[in-house]
Every structure is written in structure tokens, then in C-alpha cells.
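**Student:** This is the structure I have questions about; it appears just below.
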């Protein structure tokens, strides 16, 4: 797993003594987060090579590219905890558990952002010529951003 973050996320992690590499398996995930993971990841080839959680019937095509549609559909949002450390551990734990569900034959990005009120986590398959985030994560001034890159196993 490869990690990329902006300065805000790095400072948040350092000040709370939290590591992106740690799975934090001791964290108890909320019912909503467990439900998202229990639904698993499904593939659909008829509308392009897409991956989704929940029901295919609820997958919306809002963007011109598959990456944008995956990211917007495969999103979970939850309130920050009173403790930043618990918020980070829970979010990182969820991201690692999600990465285990993603197929090993494609590259994926898991994107976590934290603003003043919420944590947002989404994922998409890496596609040539498509991107969801700006290359320079420092451009995101209002949120702490972490991108976890899961590489395909050859």
C-alpha cells in the first residue's frame, strides 16, 4: 500500500500519534461502516469496467467518466468523533478493511478526507487518463486528505 497525504492530514496524524500503515483492528466500526463492508464489492462489465458497493440498481451515472461515477457512488460519510485520534483510527481501520475487499488484479485508490465535521471515504479503480483528485493535494485547503493506493498483484 502506498500513502499520499496533504500537510493537514500529516499534522493531524502526527499530533495524534497515528500511523497510516496500522490497521487498527481493535477499533469497533459503527453499524453503518460494517454494513458498507459487509455488502462487499461487485464488478459490472456491461457499462464499462466499474466497481460498486450496495445495489447496482442504485448506481448513478452523474459524470462523464467511470472514475467520477465510482467515486461518487462508492462513498461513505460519517461524523467526526469527539476525539481526533479515535476519528483517525476508525477511518484508517475502515480504509484498510475496504482495501482487502478490492480485487487484486486492478490498481485502486481509497480517498479519505476529513473536514471540520465529517469524514468521507470513497474508492475508485485507477484508469488511464482519468483522475478524481488534483495531483497537488495541498490545493485542498478545507480538508485533510489521505490517498491510499492499492497496487494490483501481478
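Residue numbers (our numbering): 1 to 154. The beta-carbon is built from N, C-alpha and C at its ideal position, and this holds for glycine as well.
(1) Per the contact definition of three or more C-beta pairs closer than 8 Å, is the stretch 129-141 in contact with the stretch 63-73?
(2) Find the nearest neighbour of residue 83 within the set 15, 10 and 2, judged by alpha-carbon distance.
(3) I need the DSSP call for residue 5, collapsed to helix, strand or coil.
(4) Using CA coordinates, which residue listed in 87, 52, 138 and 125 is at the minimum distance from residue 13?
(5) Considering only residues of the same chain and omitting the five flanking positions on each side of residue 54, which have a CB-CB separation below 6 Å?
(6) Apart from the five residues on each side of it in sequence, which residues of its chain come closer than 8 Å, Cβ to Cβ, to residue 107?
(7) Following the continuous alpha helix (DSSP H) through residue 93, name the residue where it begins and the one where it ends.
(8) If distances are taken between C-alpha atoms only, which option among 117, 145, 139 and 42 comes closest to residue 95?
(9) Kindly indicate which three-state DSSP category residue 20 falls into: helix, strand or coil?
(10) Can you list, in chain order, the residues of its chain whose CB lies under 8 Å from that of residue 42, leaving out five sequence neighbours each side?
(11) Run through DSSP, which three-state label would residue 75 get?
(12) Hey, how far is the Cα of residue 100 from the Cα of residue 19?
(13) Using the DSSP secondary-structure output, state which residues sit across from residue 43 in a beta bridge.
(14) Confirm, please, whether the CB-CB distance from residue 115 to residue 143 is below 7 Å.
(15) For residue 36, name the three-state secondary structure that DSSP assigns.
(16) Does DSSP classify residue 113 as helix, strand or coil?
**Tutor:** Per the coordinate set shown:
(1) As far as the Cβ criterion goes, the stretch 63-73 touches the stretch 129-141, which means the pair count is three or higher.
(2) Position 83 of the chain shown, counted from the first residue, corresponds to residue 83. The shortest CA-to-CA distance from residue 83 to any of 15, 10 and 2 is the one to 15.
(3) Here residue 5 refers to the residue found at position 5 of the chain shown. Residue state, collapsed to three classes: strand.
(4) Sequence index remark: in the chain shown, residue 13 carries index 13 (1-based). Ranking 87, 52, 138 and 125 by Cα distance to residue 13 puts 87 first.
(5) Within the chain shown, residue 54 is the residue found at index 54, counting from 1. Cβ neighbours of residue 54 beyond the five flanking positions: 39.
(6) The residue labelled residue 107 in the question sits at position 107 within the chain shown. Excluding residues within five positions, the ones whose Cβ falls inside 8 Å are 125, 126, 149, 150, 151 and 152.
(7) Along the chain shown, read from residue 1 onward, the residue named residue 93 stands at position 93. Boundaries of the alpha helix (DSSP H) around residue 93: 84-101.
(8) In the chain shown, the residue the question calls residue 95 occupies position 95. If we check each option's Cα against that of residue 95, 145 comes out closest.
(9) In the chain shown, residue 20 corresponds to position 20, counting from 1. It is coil, neither helix nor strand.
(10) On the chain shown, position 42 is the one that residue 42 refers to. Within the same chain, and ignoring the five residues on either side of residue 42 in sequence, the residues whose Cβ sits closer than 8 Å to its Cβ are 51, 52, 53 and 56.
(11) If you number the chain shown from 1, residue 75 lands on position 75. Here residue 75 sits in strand by DSSP.
(12) Taking the first residue of the chain shown as 1, we reach residue 100 at position 100. Taking the first residue of the chain shown as 1, we reach residue 19 at position 19. Between the alpha carbons of residue 100 and residue 19 lies a distance of about 18 Å.
(13) Looking up residue 43 in the chain shown gives position 43. 51, per the DSSP bridge assignment.
(14) Taking the first residue of the chain shown as position 1, residue 143 is located at position 143. Taking the first residue of the chain shown as position 1, residue 115 is located at position 115. It is a contact, given that the beta carbons lie within the stated cut-off.
(15) Position 36 of the chain shown holds residue 36. Note: residue 36 maps to helix in three-state DSSP.
(16) By one-based count along the chain shown, residue 113 stands at place 113. If DSSP states are grouped into helix, strand and coil, residue 113 belongs with the strands.
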